[in-house]
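Contents: one structure, followed by commentary.
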Amino acid sequence: MHVKKSGLDGRKSSDNKVNSGQFKGGAGEAPGGVSAAGQVFSSFLDAEQKKYSIEEIKKMIESLETHAILIYKSPSFKHYEDYRNKVKAILQQICANLYKVKDNLTSKDAAERLPSQFLVVISKVDETLSELEVQFMQKAKINILSKHYEIKGMLLDALY
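Counting from 1, position 58 in the sequence shown corresponds to residue 264 in the numbering used here; the numbering is continuous, with no gaps.
What follows is the structure, given as structure tokens:
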């Protein structure tokens with residue numbers, strides 16, 4: 207019985223090494239040794255770290271209405287979760303822009319007040335989202351559109 211010690215087809219394992227800058231061409235590999243999954247992950251991180259302009263955030267807030275109408279027409283916890291996640295994503299973008307605004311303020315008093323006012327808005331939005339969640343859990347009659355307009359107003363207040 208003959209057992210191969212290393213490599214494939216009698217080649218040594220050192221024959222399978224990839225030198226720097228050499229493309230081996232295996233599944234999932236790309237030139238430079240970066241896997242395709244790594245490239246996708248990197249582009250995903252870049253997209254997640256993008257900071258949106260105030261106009262883009264405003265459009266995101268306006269697009270929430272379609273989600274609120276979907277919940278109104280077909281109330282389900284899944285639709286609510288999608289809506290809640292979008293609201294939280296908008297809050298994160300507003301927060302990212304908050305620091306830009308704070309850097310542009312010349313008045314020291316205004317710059318110090320800004321974060322605390324923003325935290326109040328965040329807590330009010332979270333409270334309203336929690337109320338909606340409780341109503342969904344209790345299967346109570348939900349006035350989603352009025353809650354949506356309340357949340358939308360708070361988000362716009364936080365934006366400006």
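Don't be surprised by glycine CBs; every beta carbon is placed ideally from N, CA and C.
Count the other CB atoms, across all protein chains shown, that sit within 10 Å of the CB of residue i; report buried if there are 16 or more and exposed otherwise.
{"i": "glutamine 299", "result": "buried"}
{"i": "isoleucine 267", "result": "buried"}
{"i": "leucine 325", "result": "exposed"}
{"i": "alanine 274", "result": "buried"}
Skipping 5 residues on each side, what residues in its chain have a beta carbon closer than 6 Å to that of residue i?
{"i": "arginine 319", "result": "Interpretation of arginine 319 is limited by its pLDDT of 49, a score under 50 that renders its predicted location unreliable; the figure taken from the coordinates is listed afterwards. Within the same chain, arginine 319 has no close Cβ partners at all."}
{"i": "phenylalanine 283", "result": "Phe342"}
{"i": "isoleucine 348", "result": "Gln341"}
{"i": "leucine 276", "result": "His285"}
To which residues of the same chain is residue i closer than 8 Å at the C-beta, ignoring the five residues directly before and after it?
{"i": "isoleucine 357", "result": "Leu270, Val293, Val331, Thr334, Leu335"}
{"i": "tyrosine 278", "result": "Ile350, Leu351"}
{"i": "asparagine 291", "result": "none"}
Return helix, strand or coil for residue i, following the three-state DSSP convention.
{"i": "isoleucine 300", "result": "helix"}
{"i": "glutamine 341", "result": "helix"}
{"i": "asparagine 291", "result": "helix"}
{"i": "phenylalanine 274", "result": "Position check: residue 274 holds alanine in this sequence, whereas phenylalanine was assumed. Helix."}
{"i": "alanine 243", "result": "With a pLDDT of only 46 at alanine 243, under 50, the local geometry of the prediction cannot be trusted, and the value read off the model is given with reservation. Helix, per DSSP."}
{"i": "tyrosine 366", "result": "coil"}
{"i": "isoleucine 328", "result": "helix"}
{"i": "serine 282", "result": "coil"}
{"i": "serine 336", "result": "helix"}
{"i": "isoleucine 348", "result": "coil"}
{"i": "serine 269", "result": "helix"}
{"i": "tyrosine 258", "result": "coil"}
Excluding the 5 residues flanking residue i on each side, which residues of the same chain have their C-beta closer than 7 Å to its C-beta?
{"i": "leucine 362", "result": "Ile267"}
{"i": "leucine 365", "result": "Ile260, Ile263, Lys264, Ile300"}
{"i": "aspartate 315", "result": "Note that aspartate 315 scores 49 on pLDDT, short of 50, meaning its location in the model is unreliable; the coordinates nonetheless yield the value given after this. No residues qualify anywhere along the chain."}
{"i": "methionine 360", "result": "Val327, Lys330, Val331"}
Cα separation between residue i and residue j?
{"i": "isoleucine 328", "j": "asparagine 303", "result": "14 Å"}
{"i": "glutamate 337", "j": "tyrosine 258", "result": "28 Å"}
{"i": "proline 281", "j": "leucine 297", "result": "23 Å"}
{"i": "serine 352", "j": "tyrosine 286", "result": "14 Å"}
{"i": "alanine 317", "j": "tyrosine 355", "result": "Here the model assigns alanine 317 a pLDDT of 49, short of 50, so the residue's position is not dependable and the matter cannot be decided."}
{"i": "glutamate 339", "j": "tyrosine 289", "result": "11 Å"}
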